[in-house]
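Heads up: the structure comes next, in structure tokens.
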Amino acid sequence: MIRSASDDQRIVITGVGLTAPNGDNLADYRQGLLEGRSGVDTYHVRYVGDTLAGECHFDELKHQKRKDLRRGTRAGSVGIYCANETVADSGIDWSTIDTSRVGVYVGVTEHGNVETENEINEIKAFDFDTRVWSHHHNPRTVANNPAGEITLNMGITGPHYTIGAACAAGNAGLIQGAQMLRLDECDMAIAGGVSESIRTFGIFAGFASQGALANNANPARASRPFDRDRNGIVVSEGGCLFMLERLSDASRRDANIYGELVGYAMTSDASDFVLPNPEQQARCMRLALDRAGLSAEDIDIVSTHATATTSGDIQECKAIRRVFGNSRGTLINNTKSYIGHAMGAAGSLELAGNLPAFHDGVCHPTINVDNLDPECALTGLVINEPREKESVETILNNSFGMLGINSAVIIRKF
Amino acid sequence: MTEGDIREEILDILESIAPDEDLTQIDDGVNFRDQLELDSMDFLDIVMELRKRHRIQIPEDDYVQLASMKSTVTFLEPLMKDIERV
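Note that the protein sequences, when read in sequence, are chains G and C. Quick note: this note's numbering has the first sequence finishing at residue 433, numbered continuously throughout. Quick note: this note's numbering has the second sequence finishing at residue 786, numbered continuously throughout.
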């Protein structure tokens, strides 16, 4: 049981650094969610043409030089921005810490597609002469790149790697960070997820071929989980990295604590490449609850993964009904309706968007629901308007992905 | 291209490779590495840009010739003298 752990085994969130299509820090992002402000806009990607996406607009030069941007990757830049911001937010005096005790654990849905496509596009202009294939290709595409760039930028000599976990990656990065803190592999874990996926045409073309790419004349209305008129996913980029610490360390330095990670679980469907499995999703949520020593009735907000595909939304709703069907007080929301699907960053961004509810007591709604799909009419689903709750003590955040990867994390108010 | 044209071309390449640097004060007789923040990957970028822009292949053994502006221009002049400046 995680709840019975001693303070040096209890993991708390002490910093949040993020960039989302509708905000580059937690306060702006949260404000956007409460105001119903979408970050989805028109977007052009080569070969596919005009489409929609959630693009981030953080100041790339805040923590990097222009040369660093040229050499590195967009995922690296997103990660560097988020990591520096989470350190600043945590109040840790970076100049005094032992950076060999900092671990960097970054969830990614995929990495390397953007850079490979860029190179292929480049050599195409040279009749596919591979002699003009860049020597930067390998360091840009190694799977640890987004985490490694963070260590280079910040002088971190502790462990770093990415966690490839499809669209469950944001949660998976958080979980990995917590586990490494418990194993004493590090004293501070910069953990969460990032995505640069809007820079690869392949992800758009792939979803389009699958019949799962959203379109709408009004970009802000395109991402509409649970709505009967949804027509697919809006691909987004983004990042959210948390500063995780053991409670004993955070207490010692009197840190601001956003919440405690009291439960988590990851499971596999073992049933299909793309179709989700509600039975295993439900098992994942139950496992997280069991580990936290909580029942479904104890959860105040369930942050859903739903991406606005018909089958995905309905299957998750089935899973949620199995676990939360009798929990009248649990509110349910969705953040992709504002920012689209931030892929590797989705889990951590969607969790971050809900964390302020511990203090403002508001559950932001899932927006763009004009015509609720009856199969998604969950008790407690907060639609279009924020809902206040007397007290928000616990949040369960779902993140699922292709190949049947499921994750759920539970954060409790501290 | 004249030696002056080649020098301009190298400066143009350096502008993209080292966008944070002030290139107006480059001393042609001093090694790039002693006045600019360049590493081995950057020098490969110079080689790559010359390959892309002018189809010039520089053997690895000759990379050392790209140490300074003066040595670079001297090395490239016979290879680029028949190339017209765009």
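Note that beta-carbon positions come from the ideal geometry of N, C-alpha and C, so glycine has one too.
For residue i, three-class secondary structure by DSSP
i, result
"G/Met285", "strand"
"G/Val151", "helix"
"G/His324", "coil"
"G/Asp379", "helix"
"G/Asp60", "strand"
"G/Arg406", "strand"
"G/Lys432", "coil"
"G/Cys205", "coil"
"G/Tyr124", "strand"
"G/His130", "coil"
"G/Thr219", "coil"
"G/Ile424", "strand"
"G/Asn140", "helix"
"G/Thr118", "helix"
"G/Asp146", "coil"
"G/His360", "strand"
"G/Asp26", "coil"
"G/Ser270", "helix"
"G/Ser346", "coil"
Anticipated Cβ contact below 8 Å, residue i with residue j, distance rounded
i, j, result
"G/Arg418", "G/His360", "A small correction: the amino acid at residue 418 of chain G is Ser; Arg does not occupy that position in the sequence shown. That belief does not hold up - the Cβ atoms of G/Ser418 and G/His360 are roughly 11 Å apart, past 8 Å."
"G/Ala338", "G/Ala301", "4 Å"
"C/Glu703", "C/Val773", "5 Å"
"G/Leu368", "G/Gly257", "5 Å"
"C/Asp728", "C/Met701", "Not confirmed; about 16 Å, so no contact."
"G/Val125", "G/Thr176", "Not quite, the Cβ-Cβ distance comes to about 16 Å (not below 8 Å), so this is no contact."
"G/Val254", "G/Ser216", "6 Å"
"G/Leu313", "G/Ile429", "7 Å"
"C/Ile783", "C/Glu749", "C/Ile783 to C/Glu749, Cβ: 14 Å. No contact."
"G/Asn390", "G/Arg247", "4 Å"
Closest Cα partner of residue i within the set the options
i, options, result
"G/Ala102", "G/Asn172, G/Asn373, G/Leu308, G/Met362", "G/Asn172"
"G/Lys432", "G/Ala24, G/Thr33, G/Asp27, G/Gln28", "G/Thr33"
"G/Asn352", "G/Val321, G/Ala327, G/Val106", "G/Val321"
"G/Leu400", "G/Glu298, G/Ala188, G/Pro244", "G/Pro244"
"G/Ala24", "G/Gly420, G/Ala327, G/Val281", "G/Val281"
"G/Ala365", "G/Glu136, G/Gly211, G/Tyr62", "G/Gly211"
"G/Thr92", "G/Ile111, G/Leu37, G/His130", "G/His130"
"G/Gly251", "G/Gly189, G/Val121, G/Lys355, G/Phe261", "G/Lys355"
"C/Ala718", "C/Glu708, C/Asn731, C/Val730, C/Phe743", "C/Phe743"
"G/Thr149", "C/Arg755, C/Ser771, C/Asp712", "C/Arg755"
"G/Asp332", "G/Asn296, G/Met304, G/Gly348", "G/Asn296"
"G/Arg218", "G/Leu71, G/Ile169, G/Ala46, G/Thr286", "G/Leu71"
"G/Arg65", "G/Ile139, G/Thr160, G/Pro393, G/Gly167", "G/Ile139"
"G/Gly344", "G/Thr398, G/Asp248, G/Glu264", "G/Thr398"
"G/Ala227", "G/Val31, G/Val67, G/Asn137, G/Tyr62", "G/Val67"
"G/Asn373", "G/Cys259, G/Gln299, G/Asn237", "G/Cys259"
"G/His82", "G/Glu104, G/Met421, G/Leu294", "G/Glu104"
Min CB distance residue i to chain C below 8 Å
i, result
"G/Ile424", "no"
"G/Met20", "Because the pLDDT of G/Met20 is 44, which lies under 50, any placement of that residue in the model is unreliable, and the number read from its coordinates should be weighed accordingly. With 8 Å as the cut-off, G/Met20 does not count as an interface residue toward chain C."
"G/Val151", "yes"
"G/Arg218", "no"
"G/Lys86", "yes"
"G/Arg89", "yes"
"G/His156", "no"
Chain G contact for residue i (CB, 8 Å cutoff)
i, result
"C/Arg733", "no"
"C/Ile720", "For clarity, residue 720 of chain C is Asp in the given sequence; the question names Ile instead. Yes, its Cβ sits closer than 8 Å to a Cβ of chain G."
"C/Leu736", "no"
"C/Met780", "no"
"C/Glu760", "no"
"C/Arg753", "no"
"C/Leu776", "no"
"C/Leu744", "yes"
"C/Met701", "no"
"C/Met769", "no"
Where the alpha helix (DSSP H) through residue i begins and ends
i, result
"C/Ile758", "Premise fails: C/Ile758 is in no alpha helix (DSSP H) and is neither H nor E."
"G/Val388", "Counting along the chain, G/Val388 falls outside any alpha helix (DSSP H), and DSSP gives it neither H nor E."
"G/Gly98", "93–109"
"G/Phe343", "329–343"
"C/Leu711", "703–717"
"G/Ile169", "164–173"
"G/Gly34", "Unbroken run through G/Gly34 is the beta strand (DSSP E), 30–38; no alpha helix (DSSP H)."
"G/Cys303", "297–311"
"G/Ala365", "365–373"
"C/Asn731", "Unbroken run through C/Asn731: none, as it is neither H nor E."
Boundaries (first-last residue) of the beta strand (DSSP E) holding residue i
i, result
"G/Glu419", "This sequence places Phe at residue 419 of chain G; Glu is not what is there. Element bounds for G/Phe419: 413–420."
"G/Cys75", "No beta strand (DSSP E) holds G/Cys75; DSSP gives it neither H nor E."
"G/His179", "179–183"
"G/Asn457", "No information on residue 457 of chain G is available, as it lies outside the stretch 20 to 433 that chain G covers here."
"C/Met780", "First-last for C/Met780: 769–780, but that is the alpha helix (DSSP H), not the beta strand (DSSP E)."
"G/Gly257", "257–265"
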